[in-house]
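Enquirer:
Number of protein chains: 2
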Amino acid sequence: MNETPATGDDPTADPAIRQEILSLRASIDNIDAALMHLLSERFKFTHRVGELKAQAGVLPADPARDREQIQRLTSIADQAGLDPQFAEKFRDFIVSEVIRHHKRIAEEYGEVRPLDTYS
Amino acid sequence: MNETPATGDDPTADPAIRQEILSLRASIDNIDAALMHLLSERFKFTHRVGELKAQAGVLPADPARDREQIQRLTSIADQAGLDPQFAEKFRDFIVSEVIRHHKRIAEEYGEVRPLDTYS
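Those sequence lines, one after another, are chains X and Y. 97 is the number that the UniProt record's numbering gives to position 97 of the first sequence; each next residue is one higher, with no gaps. 6 is the number that the UniProt record's numbering gives to position 6 of the second sequence; each next residue is one higher, with no gaps.
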């Protein structure tokens, strides 16, 4: 069992399986490219939100928005056949990145405030 | 400063800023819905890869594929104006979810193997 090679690059693997895996990988790669580009757009929007909040001198935190967003994402995940817990983990992951960005923006505005929300 | 309210739900905030934030949030919400649906498709593909590998009795690990994928994502992130380190963190996040799925698939096939890759 330890000598079993990985499928994708193994010329001895069943050619039909090998072909299907390569085709699936091409689709995964396309989706990843789309995800990267969408995330880039998303960060542009949150960057602008961060700027506006810093300019206006208002707190970035908005617990009502957070709750609404988690509820919305959980419901979309459910419809899309995703684990709703995954949706929440995904949001947390993105939020942590946005917080990092927002801290940078706040520093540019000469002030560091508690930045615990992302939009 | 501690009494400064959050912008989005604050009726006293500058109406123009408030309007722009609400509009940005609507765009963020649309992008999040798209991200959820794309991720759902992505997990379908990795699920099928997991099944094929389990059926074929080959190891899921494929370090060459991993390296190629990290390189590709880093380059796409760079073009898309994203932090390349973020691309790698994002991949790690998704991979950890796929590993969780693959473990379940391998268990269904009556065997638990080291599952340290996702496609």
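In this text, a Cβ means the ideal position worked out from N, Cα and C, and glycines have one as well.
Helix, strand or coil for Leu-39 of chain Y per DSSP?
Expert: Reduced to three states, the DSSP call for Leu-39 of chain Y is helix.
Enquirer: At 9 Å on the CB atoms, spell out the chain X contacts of Glu-97 of chain Y, in chain order.
Expert: Per Cβ cutoff of 9 Å: Asp-83, Phe-86, Lys-89, Phe-90.
Enquirer: To which residues of the same chain is Phe-86 of chain X closer than 7 Å at the C-beta, ignoring the five residues directly before and after it?
Expert: Here the set comprises Ala-77.
Enquirer: Any C-beta of chain X sitting closer than 8 Å to the C-beta of Arg-104 of chain Y?
Expert: Output row for Arg-104 of chain Y: interface = no.
Enquirer: Figure out for me which residue from X:Ile-28, X:Asn-30, X:Phe-43, X:Asp-14 has the closest Cα to the Cα of Ser-96 of chain X.
Expert: Closest by alpha carbon: X:Phe-43.
Enquirer: Specify whether the stretch 87 to 94 of chain X and the stretch 54 to 74 of chain Y touch according to this definition: at least 3 beta carbon pairs, one from each stretch, less than 8 Å apart.
Expert: The stretch 87 to 94 of chain X, when compared against the stretch 54 to 74 of chain Y, does not touch it at the 8 Å Cβ threshold.
Enquirer: According to the Cβ coordinates, are Leu-38 of chain X and Ile-31 of chain Y closer than 8 Å?
Expert: Yes, Cβ-Cβ distance for Leu-38 of chain X and Ile-31 of chain Y is below 8 Å.
Enquirer: Where does Arg-100 of chain X land, buried or exposed, given buried means 16+ other C-beta within 10 angstroms?
Expert: The residue in question, Arg-100 of chain X, is exposed, as its Cβ has fewer than 16 Cβ neighbours within 10 Å.
Enquirer: Who are the neighbours of Glu-20 of chain Y on chain X, taking C-beta pairs under 7 Å?
Expert: Per Cβ cutoff of 7 Å: Leu-52.
Enquirer: Which value, in whole angstroms, describes the spacing of the CA atoms of Ala-106 of chain X and Arg-72 of chain Y?
Expert: Whole-angstrom Cα-Cα distance: 32 Å.
Enquirer: Using a Cβ cut-off of 8 Å (strictly closer), state whether Glu-108 of chain Y contacts chain X.
Expert: No, Glu-108 of chain Y lies away from the interface with chain X (no Cβ there is under 8 Å from its Cβ).
Enquirer: Can you grab the Cα-Cα spacing for the pair Thr-74 of chain X / Val-49 of chain Y, in whole Å?
Expert: Their backbone Cα atoms lie some 26 Å apart in a straight line.
Enquirer: Thinking just about the alpha-carbon of each residue, which of Y:Ile-70, Y:Val-98, Y:Ala-33, Y:Ser-23 is nearest to the one in Lys-89 of chain Y?
Expert: Out of Y:Ile-70, Y:Val-98, Y:Ala-33, Y:Ser-23, Y:Ile-70 has the C-alpha closest to the C-alpha of Lys-89 of chain Y.
Enquirer: Under 8 Å between beta-carbons, which chain X residues line up against Asp-66 of chain Y? List them in chain order, please.
Expert: Result: empty, since nearest Cβ-Cβ is about 10 Å, beyond 8 Å.
Enquirer: State yes or no: is the beta carbon of Ile-76 of chain X nearer than 8 Å to at least one beta carbon in chain Y?
Expert: Ile-76 of chain X counts as touching chain Y.
Enquirer: Using a Cβ cut-off of 8 Å (strictly closer), state whether Ile-70 of chain Y contacts chain X.
Expert: Judged by the 8 Å Cβ criterion, Ile-70 of chain Y is not in contact with chain X.
Enquirer: Determine whether the beta carbon atoms of Leu-35 of chain Y and Leu-82 of chain X lie at a separation below 8 Å.
Expert: Not in contact: Leu-35 of chain Y and Leu-82 of chain X (Cβ atoms no closer than 8 Å).
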